[in-house]
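See structure below.
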Amino acid sequence: MRFILNILAIIILLLSCKPKNHNEEKEEVAERQIQVDLNPNIHTSHIIEMFVWPGEYPTRPMCVAAQKHFAPFKDHPAVKLSDSLLQNEIFYFDELTEILLYLEDFPSTEFKYPLENSPYANRTGIINQWIKKLSEFYVNANVESFLKANEVFYQGVRQEVLKNLPPKDFISQIEEYYRENKIRYTIIPAPEMPTGGAYGYRGIGPYVYTPDGMLIYQVISASLPVEKDSISNKYEYFGFDNKEFTLRNSYHEFGHAFVNTILAKKENETLLNKYMSLFTPELQKVMENQNYDNWFDCLAEHLVRLGEIRLAERSGNKKWADELRKYHTEKLNFIFLPEFETKIKEYEGDSSIDSFEEFLPNLLKALDSFNSEKIKKRINEST
1 MRFILNILAI IILLLSCKPK NHNEEKEEVA ERQIQVDLNP NIHTSHIIEM FVWPGEYPTR
61 PMCVAAQKHF APFKDHPAVK LSDSLLQNEI FYFDELTEIL LYLEDFPSTE FKYPLENSPY
121 ANRTGIINQW IKKLSEFYVN ANVESFLKAN EVFYQGVRQE VLKNLPPKDF ISQIEEYYRE
181 NKIRYTIIPA PEMPTGGAYG YRGIGPYVYT PDGMLIYQVI SASLPVEKDS ISNKYEYFGF
241 DNKEFTLRNS YHEFGHAFVN TILAKKENET LLNKYMSLFT PELQKVMENQ NYDNWFDCLA
301 EHLVRLGEIR LAERSGNKKW ADELRKYHTE KLNFIFLPEF ETKIKEYEGD SSIDSFEEFL
361 PNLLKALDSF NSEKIKKRIN EST
């Protein structure tokens with residue numbers, strides 16, 4: 001009898017364990033998919049940004065609606081402090097965006113993740129002051145009611161992004177390429193995000209250091225013009241129904257979390273500075289036209305775009321890789337790309353190299369062949 005009971009106990013134990021393992025496996029798979037979230041902190045910051053740098057956005061309905069709705073608050077202390085931080089270059093807007101992702105949702109000013117391991121650990125005083133002002137703006141201007149009033153539009157935006165997500169193997173592609181893992185990937189679509197400049201759309205690639213690892217994001221604007229349907233007088237599309245833009249921006253903005261974090265390490269500073277003389281006046285001019293005004297940004301943008309090209313080609317889309325190669329090199333003057341691409345193939349073909357960071361000194365040797373004359377000549381050839 002005891003033998004039979006023991007057998008039954010074993011069977012019950014096995015049956016109870018099996019579904020648990022299956023669920024855990026499903027949960028793990030789900031965590032490796034790109035998430036799409038709306039974020040009130042990010043939406044609030046873009047509303048304020050429009051009053052720091054005013055502009056007209058006739059094909060961006062949420063920009064127009066926000067400008068009208070929040071006009072009585074254009075001189076709010078949150079706008080004035082943000083203006084001071086940005087105009088005096090105490091922070092860049094990308095950095096402020098990143099800080100907001102460490103927080104609980106407004107109106108809370110509590111941190112979800114500590115800043116102690118972030119690049120902002122020594123600036124908490126001014127950060128806390130700024131966060132308090134933004135939270136006050138969120139309450140005083142009733143940002144929550146604006147978001148609720150436009151919930152149909154915002155949910156339409158989210159559904160368009162979900163419909164156009166990168167392939168299911170995107171995360172494995174990018175992590176296998178850079179030979180590094182992150183814990184979560186999230187797209188935050190922001191239809192109130194002001195656009196313009198060289199591209200007519202925008203993307204930001206913030207990342208958050210947590211005790212468990214790195215969370216990486218891309219915050220994206222609309223990439224298509226939006227108008228109401230002439231018959232229904234309603235919005236039938238929302239500016240985010242663009243698969244190519246979403247994929248390319250995913251390679252680009254998520255790529256910054258792999259590239260910038262390496263370049264920013266103190267131990268790599270000497271290596272980067274070794275080549276700083278290559279940031280010639282001619283190169284500075286073409287980079288500044290794209291809002292990249294220093295050697296670090298110039299180099300980071302080169303390497304991120306290198307990743308775009310190589311990932312496109314390795315995914316089997318040679319035509320798209322060729323288009324990116326031509327666009328970045330000839331139109332945007334990322335002139336080091338041909339040499340970087342030749343060199344990076346050594347890394348791709350050598351599985352004994354542990355990481356992209358390990359190969360960085362070798363990759364930057366591609367710059368040894370450049371001098372000011374060669375840079376000037378290459379820029380002149382593409383313009």
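Just so it is clear: in the sequence shown, position 208 is 208 by our numbering, and no numbers are missing. Think of the CB as a built atom: it goes at the ideal place given N, C-alpha and C, for glycine as much as any other residue. Since the structure is predicted, the reported quantities are computational estimates derived from the model, not experimental observations.
- A distance below 8 angstroms separates the beta carbons of residue 190 and residue 42.
- With at least 16 other beta carbons inside 10 angstroms of its own, residue 307 counts as buried.
- Under the DSSP assignment, residue 287 falls in the alpha helix (DSSP H) whose first and last residues are 281-288.
- In the DSSP annotation of this structure, the continuous segment of the alpha helix (DSSP H) that includes residue 152 starts and ends at 151-163.
- Taking residue 143 as the centre and dropping the five residues before and after it, the same chain places the C-beta of 44 closer than 6 angstroms to its C-beta, in chain order.
- Annotation for residue 172: 32 place their beta carbon closer than 8 angstroms to its own, counting only its chain and skipping 5 residues before and after.
- Scanning 222, 85, 201 and 249 for the CA closest to the CA of residue 61 turns up 222.
- Under a 10 Å Cβ-count criterion, residue 218 is classified as buried, with 16 or more other Cβ atoms of the shown protein chains found around its own Cβ.
- Boundaries of the alpha helix (DSSP H) around residue 299: 295-314.
- Secondary structure at residue 336: coil, using DSSP grouped into helix, strand and coil.
- In the displayed model, residue 214 falls within a strand according to three-state DSSP.
- Of the other Cβ atoms in all chains shown, fewer than 16 fall within 10 Å of the Cβ of residue 271; this residue is therefore exposed.
- Distance from the CA atom of residue 71 to the CA atom of residue 93, rounded to whole angstroms, is 21 angstroms.
- Taking C-beta separations shorter than 6 angstroms and ignoring five residues to either side along the sequence, the partners of residue 39 in its chain run 188, following chain order.
- If you draw a straight line from the Cα of residue 261 to the Cα of residue 232, it is about 48 angstroms long.
- Distance between residue 337 and residue 258, taken at the CA atoms: about 18 angstroms.
- Distance check between residue 375 and each of 332, 282 and 238 places 282 closest, using alpha-carbon atoms only.
- Residue pairing by DSSP places residue 111 opposite 103 in a beta bridge.
- An exposed status is given to residue 139, since fewer than 16 other beta-carbon atoms sit within 10 Å of its beta-carbon.
- With a cutoff of 8 angstroms on beta-carbon distance, residue 120 and residue 356 are scored as not near each other.
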